[in-house]
């Protein structure tokens with residue numbers, strides 16, 4: 002690994018000043034589970050690495066207030082998966098975080114890092130899109146907020162400026178009852194990237210949203226307001242047509258994990274599974290019953 | 010290149026080192042501290058052979074910089090037992106013949122030890138889940154799972 006300088010600033014302002022001073026030579030380190038791999042492969046050759054884990058003024062791991070839940074940039078997946086607020090409010094996000102990498106990875110990897118790495122297959126992106134997540138970004142001009150849907154520009158590319166830091170992700174607390182579920186396909190159970198991933202939400206008005214990962218250069222969100230997908234009693238063929246129309250913007254690649262054609266076929270299958278699980282959870286919550294278990298377990302089609 | 014002075018606790022012993030910021034924890038453990046039980050295999054966080062415990066949590070030491078563990082407690086496979094006496098988990102791996110080529114075993118033992126601290130009486134499925142970040146290229150998983158269940162005092166016939 003090529004040598005670099007290491008800085009561990011104590012405040013966001015100090016970190017921003019370091020990033021400003023070093024410009025393109027500086028890179029941000031949070032959990033490092035993607036970044037250190039890129040350092041090892043020589044894809045990143047920074048002059049200085051700015052470790053943000055020492056920042057004392059970052060938001061806490063999880064805070065709730067003002068109609069949203071805020072997740073601090075250095076909170077690791079393992080802790081977030083256990084957090085009662087996230088488990089209660091955003092179970093599909095918890096399902097997505099609980100399959101990231103491995104136990105060892107989840108003990109280091111951050112949600113903010115997963116977003117900033119901007120992989121098309123980022124496990125948390127579909128759920129964050131479904132929940133209209135915003136990123137809180139600190140820079141020289143103070144703080145700004147940006148929806149995730151605008152933040153990720155392409156594989157590995159984001160709208161983050163050279164002297165900016167993502168300090169938190171904010172998720173609005175759903176105003177209406179919402180059923181959500183996450184489904185993911187991998188070649189093996191542990192330590193693999195998603196071949197396809199889907200997060201689905203269904204609300205009481207019949208609005209269905211699908212966040213799709215590894216299906217295009219950027220994770221994307223599509224919405225069905227016709228109500229046909231949310232209606233599990235609607236005729237199957239009509240639902241299939243509606244689903245195919247919804248996911249028509251998928252543009253997956255062929256790579257070592259799967260061919261383009263297989264991804265498209267599995268996107269349909271995983272979407273159906275996630276949709277069914279989300280609709281069932283919505284129904285269960287409206288009946289006052291709690292359901293547990295993810296869409297990626299059990300009901301193999 | 011700057012070097013950084015770090016102070017950490019490794020297997021219960023306070024250690025002070027001066028290291029380059031770019032050096033992974035794995036490399037420093039092996040090359041500076043001569044703790045070669047921790048193995049380098051994939052070096053990209055996929056195989057778990059380099060698993061160590063940092064402040065009570067299993068992590069991939071290949072994906073951490075040594076400067077990141079300053080002030081922290083690191084336990085390697087050498088820290089699980091003591092000289093002349095293996096830990097319960099290490100003994101269980103030996104008793105159950107859970108070791109084939111052996112390269113993944115230090116990481117397996119560290120992960121398994123960590124698993125039992127969180128879940129003292131795991132099911133076979135929980136053991137498989139708990140070890141899913143550790144790959145064995147010999148494919149010796151069944152005996153490894155049996156060894157972990159034995160160390161936990163669980164019936165080995167739960168394994169398939």
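Protein chains in written order, with this note's numbering: chain A, 2 to 302; chain B, 10 to 169. C-beta: ideal position from N, C-alpha, C; glycine also. None of the values given here were measured: they were computed from a predicted structure.
Closest to residue 121(A) by CA distance: which of 60(A), 34(A) and 198(A) is it?
Measuring from the Cα of residue 121(A), the nearest candidate turns out to be 198(A).
Assign residue 225(A) to buried or exposed, taking buried as 16 or more other Cβ atoms, counted over all protein chains shown, within 10 Å of its Cβ.
Around the CB of residue 225(A), 16 or more other CB atoms lie within 10 Å, so the residue is classed as buried.
Within 8 Å (strictly less), CB to CB, does residue 3(A) reach chain B?
Answer yes: the Cβ-Cβ gap between residue 3(A) and chain B drops below 8 Å somewhere.
Within chain A, the residues that residue 55(B) reaches when beta carbons sit closer than 7 Å:
For the C-beta of residue 55(B), the chain A residues within less than 7 Å are, from N- to C-terminus, 192.
Residues in the same chain with beta-carbon distance under 8 Å from residue 140(A), minus the five sequence neighbours each way, listed in chain order, please.
Cβ neighbours of residue 140(A) beyond the five flanking positions: 17, 162, 164, 165 and 166.
Pull the bridge partners of residue 222(A) from the DSSP assignment, please.
Its beta-bridge partners are 212(A).
State whether the segment 84-97 of chain B contacts the segment 62-69 of chain A, with contact taken as three or more CB pairs (one from each stretch) at a distance under 8 Å.
Result no; under three Cβ-Cβ pairs closer than 8 Å.
Considering just the uninterrupted stretch of the alpha helix (DSSP H) at residue 136(B), what are its terminal residues?
133-139 is the span of the alpha helix (DSSP H), which, as asked, contains residue 136(B).
Taking the alpha-carbon of residue 1(A) as reference, which of 51(A), 48(A), 28(A) and 172(A) has the nearest alpha-carbon?
Nothing in the structure corresponds to residue 1(A), since chain A is present only between 2 and 302.
Residue 144(B) vs residue 120(B) beta-carbon contact at 8 Å:
In terms of Cβ geometry, residue 144(B) and residue 120(B) do not form a close pair [threshold 8 Å].
Is it true that the CB of residue 56(A) sits closer than 8 Å to the CB of residue 10(A)?
Cβ distance < 8 Å, so residue 10(A) and residue 56(A) count as in contact.
Among 179(A), 80(A) and 90(A), which one has its Cα closest to the Cα of residue 98(A)?
The shortest Cα separation from residue 98(A) among 179(A), 80(A) and 90(A) belongs to 80(A).
Report the start-end ranges of each beta strand (DSSP E) in the segment 50-86 of chain A that is 3 residues or longer and not cut off at the edges.
Runs of the beta strand (DSSP E) inside the segment 50-86 of chain A: 63-66 and 69-73.
From the DSSP output, read off the bridge partner residues of residue 2(A).
According to DSSP, which records beta bridges pairwise, residue 2(A) is partnered with nothing at all.
Chain A contact for residue 52(B) (CB, 8 Å cutoff):
Interface residue, yes.
For residue 89(B) and residue 118(B), which I take to be in contact (beta-carbon distance under 8 Å), what is that distance rounded to the nearest angstrom?
Residue 118(B) and residue 89(B) do touch by the CB rule: their CB atoms are close to 7 Å apart, below 8 Å.
Which stretch, first to last residue, makes up the alpha helix (DSSP H) that contains residue 151(B)?
Start and end: 150-160.
Which listed residue (106(B), 28(B) and 158(B)) has its alpha carbon closest to that of residue 12(B):
When only C-alpha atoms are compared, the closest one is 28(B).
Taking only the alpha-carbon atoms, compute the straight-line gap between residue 288(A) and residue 178(A) and give it to the nearest angstrom.
Distance from the CA of residue 288(A) to the CA of residue 178(A), rounded to the nearest whole angstrom, comes to 11 Å.
Check whether residue 44(A) and residue 142(B) have beta carbons under 8 Å apart:
Taking 8 Å as the Cβ cut-off, residue 44(A) and residue 142(B) do not qualify as a contacting pair.
Endpoints, the alpha helix (DSSP H) within which residue 96(A) is located
Note, residue 96(A): alpha helix (DSSP H), 92-98.
Count Cβ pairs between the segment 49-69 of chain B and the segment 30-41 of chain B that sit closer than 8 Å; are there 3 or more?
The segment 49-69 of chain B vs the segment 30-41 of chain B: in contact.
Verify whether the separation of the beta carbon atoms of residue 251(A) and residue 230(A) is less than 8 Å.
No, they are not a contact pair.
Can you pull the chain A residues whose beta carbon is under 9 Å from the beta carbon of residue 82(B), in chain order?
Result: empty, since nearest Cβ-Cβ is about 14 Å, beyond 9 Å.
Can you list the residues of chain A that residue 141(B) reaches, using a CB-CB cut of under 8 Å?
For a Cβ distance threshold of 8 Å, residue set 103, 104, 190, 191 and 192 of chain A lies close to residue 141(B), ordered along the chain.
Measure from the C-beta of residue 130(B) to each C-beta in chain A and report whether the shortest distance is under 8 Å.
False, the Cβ-Cβ gap to chain A never drops below 8 Å.
Classify residue 240(A) as buried or exposed, calling it buried when 16 or more other Cβ atoms lie within 10 Å of its own Cβ.
By the neighbour-count criterion, in which a residue is buried when 16 or more other Cβ atoms sit within 10 angstroms of its Cβ, residue 240(A) is buried.
Distance check for residue 50(A) and residue 20(A), CA to CA, integer angstroms please.
Those two C-alpha atoms are separated by around 9 Å.
Tell me, please, whether the segment 252-260 of chain A touches the segment 147-159 of chain A by the rule of three or more beta-carbon pairs shorter than 8 Å.
The segment 252-260 of chain A makes no contact with the segment 147-159 of chain A, as fewer than three CB pairs between them are under 8 Å.
Within 8 Å (strictly less), CB to CB, does residue 52(A) reach chain B?
So, interface residue.
Report the CB separation of residue 195(A) from residue 214(A) in whole angstroms; it is logged as a contact under 8 Å.
Rounded to the nearest angstrom, the Cβ distance from residue 195(A) to residue 214(A) is 6 Å, consistent with a contact under 8 Å.
Let's test the definition: count the other Cβ atoms within 10 Å of the Cβ of residue 149(B) and tell me whether it reaches 16, buried, or not, exposed.
Per the 10 Å Cβ criterion, buried.
Leaving aside the five residues before and after residue 52(B) along the sequence, list all residues of the same chain whose C-beta is less than 6 Å from its C-beta, in chain order.
Apart from sequence neighbours up to five positions away, the residues of its chain that approach residue 52(B) with a beta-carbon distance below 6 Å are 71, ordered along the chain.
When DSSP builds the beta bridges, which residues end up paired with residue 183(A)?
Answer by DSSP bridge pairing, in chain order: 200(A).
Please report the distance separating the alpha-carbon of residue 23(B) from that of residue 14(B).
Rounded to the nearest angstrom, the two C-alpha atoms are 13 Å apart.
Going by other Cβ atoms of all chains shown within 10 Å of its Cβ, with 16 needed for buried, is residue 118(A) buried or exposed?
That one is buried.
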